[in-house]
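Colleague: Right, I'll just put the structure down here and ask away after.
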Amino acid sequence: MVSENPTGSLFTTIENKIATVSFGHPSSNSFPRELLNRLTNEFAILSTNPAVSVIVIESEGSGAFCAGASFDELLAVSDEAAGTQFFSGFAHLINAMRSCSKLIVGRVHGKAVGGGVGIASACDYTLATKNASIKLSELAIGIGPFVIEPVVSKKIGKTAMAEMTLAAHEWKTAEWAAAKGLYANTFETVEELDAAIADFSAKLSSYNPEALLEMKKVLWEGTQHWDTLLLERAAISGKLVLSDFTRKALSQFKK
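In terms of the working numbering, the sequence shown has 132 at position 85, counting the first letter as 1, and numbering is strictly consecutive.
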C-alpha cells in the first residue's frame with residue numbers, strides 16, 4: 048500500500064547487514080521537502096552505521112516508483128529564494144547518496160519521473176520491472192532537469208540524457224533505460240524483481256566491507272564538486288520557475 052500520510056512515510060529495516068529504506072507518499076510517491084530531508088538524513092545516518100554494508104532503496108505500493116518533487120510545493124513557490132530552496136532538496140539528496148559510504152541498490156517497480164529518475168541514477172546498482180518507464184518532463188513546464196542532469200548523465204551519458212530531456216512528453220521504456228545503463232536488469236514481475244534484489248544484495252553484503260567502501264569511492268571519483276554544482280543548478284531552476292512561461296504553464300494545474 049502507498050502511504051496516506053500527507054507528509055509521506057519513511058521506514059528503514061536492517062537485517063543481515065542490509066538496510067532497506069522504503070519511502071511513500073499518496074501523490075505517486077512524490078517528495079515534499081520534509082520527506083526529502085528525512086531521506087537525505089537517513090542516508091547520512093546509515094553511512095556511519097557499522098552494522099550496514101548495503102542499502103536497498105524502494106518505494107511503497109504497486110503504482111509509480113517516484114513522481115519527483117511535490118507538485119503542490121512547486122505551485123506554491125512565490126520568489127526566487129523559495130524556488131532555489133525547493134530545487135535544492137534533490138540536490139542534497141543526490142549528494143547524500145553520492146557521499147554515502149555504503150553501496151546503494153535501487154528497486155524500481157514502476158514509472159519514474161523527474162527526480163525519481165535522479166534517485167534511480169544515484170543508486171550504484173538499479174534493478175527494475177518492465178513497467179519502470181522513465182520521463183523527464185521539466186521542459187514542458189518551462190524549467191529543466193538541471194539538478195539531476197549530472198547524475199543522470201553520469202549513468203546513461205550526455206547523448207541519452209539530451210534525448211530524454213528534449214523529448215519532454217515522451218516516456219522511455221524500461222528496456223530503453225536498461226540499454227542505456229540506468230537499469231542493470233529488468234524483470235517481468237515484481238516477484239522476480241524482489242527475488243533478484245534479495246539475491247544480489249545478499250551477495251553484495253557478504254563481500255569485504257572495506258573493499259565495498261573503496262569501490263564506492265572509485266565509482267564516484269570526480270564528483271566532489273557536486274556539493275556546489277547541484278546547488279548552482281538549483282538556483283537556475285529557482286529562477287526559471289518564476290518566468291512568465293512557467294507561471295502560465297503551472298496555472299493550468301492550480302485548483
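Note that beta-carbon positions come from the ideal geometry of N, C-alpha and C, so glycine has one too.
1) At 4 residues or longer, what runs of the alpha helix (DSSP H) sit wholly inside the region 86-168?
2) DSSP three-state call for alanine 232: helix, strand or coil?
3) By the three-class DSSP mapping on this structure, what secondary structure does lysine 205 have?
4) Which of helix, strand or coil does DSSP assign to leucine 174?
5) CA-CA distance, methionine 144 and glutamate 235?
6) Run through DSSP, which three-state label would glutamate 257 get?
7) Who does glutamate 268 pair with in a DSSP beta bridge?
8) Buried or exposed: which applies to tyrosine 230, given that a residue is buried once 16 or more other Cβ atoms fall within 10 Å of its Cβ?
9) Verify whether the separation of the beta carbon atoms of serine 135 and serine 94 is less than 8 Å.
10) From the DSSP output, read off the bridge partner residues of glycine 71.
11) With C-beta atoms as the reference, is alanine 167 less than 8 Å away from valine 155?
12) Please state whether the Cβ-Cβ distance between leucine 150 and aspartate 171 is less than 8 Å.
Modeller: Reading it off the structure:
1) Fully enclosed alpha helix (DSSP H) runs of 4 or longer: 118-123, 127-146.
2) According to the sequence provided, residue 232 is asparagine. The question's alanine does not apply to it. In the three-state DSSP reduction, asparagine 232 falls in the strand class (E or B).
3) Shown here, lysine 205 sits in a helix according to DSSP, grouped into three states.
4) Here leucine 174 sits in strand by DSSP.
5) The alpha-carbon of methionine 144 is positioned some 28 Å away from that of glutamate 235.
6) Residue state, collapsed to three classes: helix.
7) Bridge partners of glutamate 268 according to DSSP: none are assigned.
8) Buried, by the Cβ-count rule.
9) Their beta carbons are not under 8 Å apart, which means serine 135 does not touch serine 94 by this criterion.
10) In the DSSP output, where bridge partners are listed per residue, glycine 71 has Ser56.
11) Yes, the pair counts as a contact, with Cβ atoms nearer than the cut-off.
12) Closer than 8 Å, so yes.
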